Each structure stands twice: as structure tokens, then as C-alpha cells.
Amino acid sequence: MQPLSFPPRLLMGPGPINCYPRVLTAMSTQLVGQYDPTMTSYMNEVMELYRRVFNTKNQQTFLIDGTSRAGIEAALVSCLEPGDKVLIPIFGRFGHLLAEIAERADAEVHTIEVPWGEVFDPQQIEDAIKKVRPKLLAIVQGDTSTTMFQPLEELGEICRAHDVLFYTDATASIGGNPLEVDAWKIDAVTVGLQKCLGGPSGSAPITLSDRFVSCVRKRAHVEAGIRDAHHQGSSGLRIRSNYFDLPMIMDYWGEERLNHHTEAATMLFGSRECAIQLLSEGQDAVIKRHQLAGNAMLQGVIEMGLQPFGNLKHKMSNVVGIHIPEQVNGEQVRHDLLNIFNIEIGTSFGPLKGKVWRIGTMGYNARQDAVLHTLQSLETVLRRTGFTLPSGDAVDAAMSVYAGEK
Ligand SMILES: Cc1ncc(COP(=O)(O)O)c(C=O)c1O
1 MQPLSFPPRL LMGPGPINCY PRVLTAMSTQ LVGQYDPTMT SYMNEVMELY RRVFNTKNQQ
61 TFLIDGTSRA GIEAALVSCL EPGDKVLIPI FGRFGHLLAE IAERADAEVH TIEVPWGEVF
121 DPQQIEDAIK KVRPKLLAIV QGDTSTTMFQ PLEELGEICR AHDVLFYTDA TASIGGNPLE
181 VDAWKIDAVT VGLQKCLGGP SGSAPITLSD RFVSCVRKRA HVEAGIRDAH HQGSSGLRIR
241 SNYFDLPMIM DYWGEERLNH HTEAATMLFG SRECAIQLLS EGQDAVIKRH QLAGNAMLQG
301 VIEMGLQPFG NLKHKMSNVV GIHIPEQVNG EQVRHDLLNI FNIEIGTSFG PLKGKVWRIG
361 TMGYNARQDA VLHTLQSLET VLRRTGFTLP SGDAVDAAMS VYAGEK
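The opening residue of the sequence shown carries number 1 in full-length UniProt numbering; numbering runs sequentially from there.
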């Protein structure tokens, strides 16, 4: 039996990415009991840190234990009762995921779609809201499958005007792109750590507005076995998932500390460190770092003669899609990058599988050296497959971006 041993990969795909070293260090901290006052005070601190990450005053800001889709599932399953209408604008794979989760909750799911590589105009969404009259609008902010970034600024106002709750999945975008939960009037947001926040997957920070909380509180039921005389059952339909029952999870994170799951303490330590990394570097500075790295990668790719995917006006800062040239074996290129250069890049899903590569510049890896190594290695691998390209120009283009010349 050998200790764990992996090659020293540089993870330049669409996530997960290499963690900030401080996150890994924090995650090797010894445990205390889950109700130890030092543990509960760190839980409170994490709530406050993530209020700052989300730019919100929402009291109900905490962690769902599980990967990003655990957060999505908690939000949708707790809010949507069977037959409730939800409107889901889909512009990539993760919009389909929201629809799939809402369907499993037996909601009445209405979708609108734009071609992959595009995003919605707010008017299209308002028109659909007027037609469907949903309880909830659920939309992804940055869909990793297409690399596109949906502007959300105007949607909150539209939702309030039509008395609709507004949820977004910002897993892929948070940290590398702006997200103003209160200013944009978003009622529920869930994310993950494994992209621009620079942590591992396994914790899903969530924030809920008072409107969203009162919606899910209508369905609050305290589990038999921990129920006391003062716990009033609500009249609403019991939430179908015990693990993702938001009122029970809020009571666990709240003053009563009513027992629910056993907090995934090691993930909490990691989540805390991701937030501290972001806030101590400064949100604006981190967004700028992602924009710089993303732009350097984009200019390098263009200079290599490759064609970026989608409407670049709406690209997330932190990931670029690239059309795989017809004469090139895309999987062979990924294989050689991984096995010769120790660099991982991604392909995409569904209609883009095998047609598009995705290169991320996120979190710890939104760095000049990581961008340059990736471009240089991709150029070498492509050249050796027989693809003709201008030697060295990609790295020069990326360096010009970093020098402020492009
Ligand atoms: C936008 C978005 N939402 C949700 C997910 C699902 O995340 P997880 O695999 O952590 O459950 C991902 C993962 O890449 C994502 O990019």
C-alpha cells in the first residue's frame, strides 16, 4: 500500500483547477466536535465571509455540504412544490441541469432556449415571464459548457415587477466575474469552490433573500426524533428531500443549532480559506486578474490561428472555448498535453463534445506563467500533429496583453 501519489498536473480545463496552497493547508486542520464553541464560531464566521463574497446582507448565507449541484438541488427542491411553475432560460448544459432537477421535483417546467454560444436579452426573459407567470426564474450566470456569461443586472427588477422569485447558479462565474446579489435583487444563489474560488469541489455556498426564506419556511417540518413542543409544524407540503431541506439546514446553522447532518468540517475549513483568499486579495483585483489571464489566453489562441467559440462579447473572463480544427484529432491533442506536458484542458458536452476544447484560467491558475506554459505546450503539440501555425506568436501575444500592449 503506497501513499497517494499523482503527477504534478497543471489543471487548465473548465474546473476543477489546482487549489490555492493555503486552502489545502487549511484542509489538513484537526477536527473538533460539531457543537464545540470554536467550531460553531467558525460556522458563524463563514456565514459572514460568504455574505461579503456574495455582496449581500442576507442572514441566510451558509454552506450546503456536497458539490455545486447539491446547492442547486437544495434551492430548487425546497422552493418548488409539485405543479409550481418555473421558467428556465437555457443557453448550455447547466441550464438543462436546472430543468432536470426542477422536473424531478415535479414542478411545471417551462424553458426557452438560445443557440449555444449566445445569451438572452432581458426582454426575451420578461416576455416569457409574462406568458408563463412562474413562481421562480432559474438561470445559470456562467454556463461552463459554452463559456457564455448571462448578464443578470436587469433580471431582478423584472422578477420583482412580476412577483417572481429569482435564482441563479453562479458556480462557474463567481470570483472571476461580478456578482452583486443585493444590488441585482437576486433571491437565491448557489455556487461551488472548484472554479475561480480556487478550492476543491464538495461544498456549495448558498445565499437566500428574506423573500426566498419565507417561501421555503412555509414548508418547514422538523424531523421526528429531534422535534420539541415549541416546534410548530407548517401547513406547507413537506420538502421531499431530507438532506436538502433548507429550513432544517437553516435551523442547524441558526441559533438553535438543531441537529441535521454532521457538518463536513474539512470542507468548511477549505471554504473559509477560499473566501479569505478572495477577500484579502480584493474582489475587484481578483476579477481583474481573471480578465487579464483570460484575455491573454484568448489573444494567444487567436494568434495561433485557432477560432474561439461563441459570442465573445458574452464570454466569461475565466474560460475560453476553441473550435477544434477539422484536420486535428482533438482527443490526441488533449492526451499529449496531459501525458507529455502534464497540462489538462477540457472538451465540452452534448453538441460541442469533441468539437470544442475549453481552456480555463481560474483561481490559483489565473496566472501569467500558467497561461504561457499552456499556450507554448498547445502550440508544440499542434505543430507536431502537422497543423501549420506561426511559431512563438501565441506566447508573444499573451505577453503583450500582460505588458498592457494589447
Ligand atoms: C455552471 C455549473 N453549474 C453546476 C455545476 C455542477 O457542479 P458539481 O459537479 O460540482 O456538482 C458545474 C460544474 O462544472 C457548473 O459549471
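Note that the Cβ used here is the ideal one computed from N, Cα and C, for glycine as well.
Quick caveat: nothing in here was measured; it's all calculated off a predicted structure.
Outcome for lysine 135 when other beta-carbon atoms lying within 10 angstroms are tallied against a minimum of 16: Here residue 135 refers to the residue found at position 135 of the sequence shown. Of the other Cβ atoms in all chains shown, 16 or more fall within 10 Å of the Cβ of lysine 135; this residue is therefore buried.
Heavy atom of ligand 2 within 7 Å of leucine 137 beta-carbon: In the structure on display, ligand 2 does not appear, and the ligands it does have are ligand 1.
Reduced DSSP category for tryptophan 184 - H, G, I as helix; E, B as strand; rest coil: For the purposes of this step, residue 184 is taken as residue 184 along the sequence shown, with counting starting at 1. Coil.
Closer than 8 Å to chain C by CB, glutamine 332: Among the protein chains of the structure shown there is no chain C, as only one such chain exists.
Stretch pair the stretch 16-28 + the stretch 265-279: three plus CB contacts closer than 8 Å: yes
Aspartate 169 CB to nearest heavy atom of ligand 1 below 7 Å: Here residue 169 refers to the residue found at position 169 when the sequence shown is read from its first residue. At least one heavy atom of ligand 1 is nearer than 7 Å to the Cβ of aspartate 169, so yes.
Glycine 354 classed as buried or exposed, judged by whether at least 16 other C-beta atoms fall within 10 angstroms: The residue labelled residue 354 in the question sits at position 354 within the sequence shown. With fewer than 16 other Cβ atoms within 10 Å, it is exposed.
Cα-Cα separation, valine 132 to histidine 221: Along the sequence shown, one-based indexing puts residue 132 at 132. Along the sequence shown, one-based indexing puts residue 221 at 221. Valine 132 and histidine 221 have their alpha carbons spaced roughly 30 Å apart.
For residue 420, the three-state DSSP class (helix, strand or coil): Lying before the first or after the last residue shown, residue 420 is absent from the chain, which here runs from 1 to 406.
Cross-strand partners of alanine 138 (DSSP beta bridge): Your numbering for residue 138 matches position 138 in the sequence shown. Answer is Tyr167, bridged to alanine 138.
Residue(s) in a DSSP beta bridge with arginine 303: For the purposes of this step, residue 303 is taken as the residue at position 303 of the sequence shown. Looking at the sequence shown, residue 303 is not arginine but glutamate. None; glutamate 303 has no bridge partner.
C-beta atoms of asparagine 295 and leucine 10 nearer than 8 Å: Translated into positions along the sequence shown, residue 295 becomes position 295. Translated into positions along the sequence shown, residue 10 becomes position 10. Pairing asparagine 295 with leucine 10 gives a Cβ-Cβ distance that is not under 8 Å.
Proximity test, serine 78 beta-carbon vs ligand 1 heavy atom, cut-off 7 Å: Here residue 78 refers to the residue found at position 78 when the sequence shown is read from its first residue. Remark: the shortest separation between the CB of serine 78 and any heavy atom of ligand 1 does not fall under 7 Å.
Cβ-Cβ distance between valine 46 and serine 209 below 8 Å: Within the sequence shown, numbered from 1, the residue matching residue 46 stands at position 46. Within the sequence shown, numbered from 1, the residue matching residue 209 stands at position 209. Result no, Cβ atoms of valine 46 and serine 209 do not sit closer than 8 Å.
Backbone secondary structure at serine 5 - three-state DSSP: Within the sequence shown, numbered from 1, the residue matching residue 5 stands at position 5. Note: serine 5 maps to coil in three-state DSSP.
Under the three-state DSSP convention, the category leucine 278 falls into: Within the sequence shown, the letter at position 278 stands for residue 278. Leucine 278: helix per DSSP, three-state reduction.
Span separating the alpha-carbon of proline 390 from that of isoleucine 72: Here residue 390 is taken as the residue at index 390 of the sequence shown, counted from 1. Here residue 72 is taken as the residue at index 72 of the sequence shown, counted from 1. Those two C-alpha atoms are separated by around 44 Å.
For aspartate 143 and serine 377, the rounded distance between their alpha carbons: Indexing the sequence shown from 1 puts residue 377 at position 377. Indexing the sequence shown from 1 puts residue 143 at position 143. Serine 377 and aspartate 143: Cα-Cα distance of roughly 26 Å.
Ligand 1 heavy atom lying under 7 Å from the CB of arginine 358: Here residue 358 refers to the residue found at position 358 when the sequence shown is read from its first residue. If you check the C-beta of arginine 358 against ligand 1, you find no heavy atom less than 7 Å away.
Residue ranges of each alpha helix (DSSP H) within the stretch 15-51, 4 or longer: 21-26
Heavy atom of ligand 1 within 7 Å of alanine 172 beta-carbon: Locating residue 172 in the sequence shown gives position 172, where the first residue counts as 1. Result yes, Cβ under 7 Å from ligand 1.
C-beta atoms of valine 213 and glutamine 60 nearer than 8 Å: For the purposes of this step, residue 213 is identified with residue 213 of the sequence shown, where counting begins at 1. For the purposes of this step, residue 60 is identified with residue 60 of the sequence shown, where counting begins at 1. In this structure, glutamine 60 lies closer than 8 Å to valine 213 by Cβ.
Residue closest to isoleucine 340, alpha-carbon to alpha-carbon, out of Lys195, Arg384, Val301: Residue numbering aside, residue 340 sits at position 340 when the sequence shown is read from its first letter. Nearest neighbour of isoleucine 340 by Cα position, chosen from Lys195, Arg384, Val301, turns out to be Arg384.
Given 8 Å, three or more beta-carbon pairs between the stretch 220-236 and the stretch 390-403: no
Three-state secondary structure assigned by DSSP to threonine 380: Taking the first residue of the sequence shown as 1, we reach residue 380 at position 380. Taken through DSSP and simplified to helix, strand or coil, threonine 380 comes out as helix.
Under 8 Å between C-beta atoms of methionine 12 and asparagine 365: Along the sequence shown, one-based indexing puts residue 12 at 12. Along the sequence shown, one-based indexing puts residue 365 at 365. The answer is yes: Cβ separation under 8 Å.
DSSP-derived helix/strand/coil call for leucine 152: The residue given as residue 152 occupies position 152 in the sequence shown. Under the three-state reduction of DSSP output, leucine 152 falls in the coil class, being neither helix nor strand.
Length at least 3, wholly inside the stretch 283-353: the beta strand (DSSP E) runs in chain order: As far as the stretch 283-353 is concerned, its whole beta strand (DSSP E) runs of at least 3 residues are 319-323.
Assigned secondary structure, glycine 363 (DSSP; H/G/I helix, E/B strand, else coil): Numbered from its first residue, the sequence shown carries residue 363 at position 363. In the structure shown, glycine 363 sits in a helix (DSSP, three-state: H, G or I).
Rounded straight-line distance, which links the Cα of isoleucine 88 to that of isoleucine 322: To locate residue 322, count along the sequence shown from 1; it is residue 322. To locate residue 88, count along the sequence shown from 1; it is residue 88. For isoleucine 322 and isoleucine 88, the distance between alpha carbons rounds to 27 Å.
Residue span of the alpha helix (DSSP H) that contains aspartate 127, given as start and end: By 1-based counting over the sequence shown, the position of residue 127 is 127. Counting along the chain, the alpha helix (DSSP H) containing aspartate 127 begins and ends at 122-132.
Inter-residue spacing [alpha-carbon to alpha-carbon] between glutamate 331 and glycine 346: Taking the sequence shown and counting its residues from 1, the one referred to as residue 331 is at position 331. Taking the sequence shown and counting its residues from 1, the one referred to as residue 346 is at position 346. When rounded, the distance between both Cα atoms is 10 Å.
Phenylalanine 94 CB to nearest heavy atom of ligand 1 below 7 Å: On the sequence shown, position 94 is the one that residue 94 refers to. Checking every heavy atom of ligand 1 against the Cβ of phenylalanine 94, one is found closer than 7 Å.
heavy atom of ligand 1 below 7 Å from glycine 142 C-beta: In the sequence shown, counting from the first residue as 1, residue 142 sits at position 142. The answer is yes for glycine 142.
Proximity winner among Thr171, Asp187, Lys130, Ser145, relative to glutamate 153 (alpha-carbon distances): Your numbering for residue 153 matches position 153 in the sequence shown. Ranking the options by Cα distance to glutamate 153, first place goes to Asp187.
Assigned exposure category for tyrosine 35 - 16 Cβ within 10 Å defines buried: Counted from its first residue, the sequence shown places residue 35 at position 35. Counting Cβ neighbours within 10 Å, tyrosine 35 comes out exposed, since fewer than 16 surround it.
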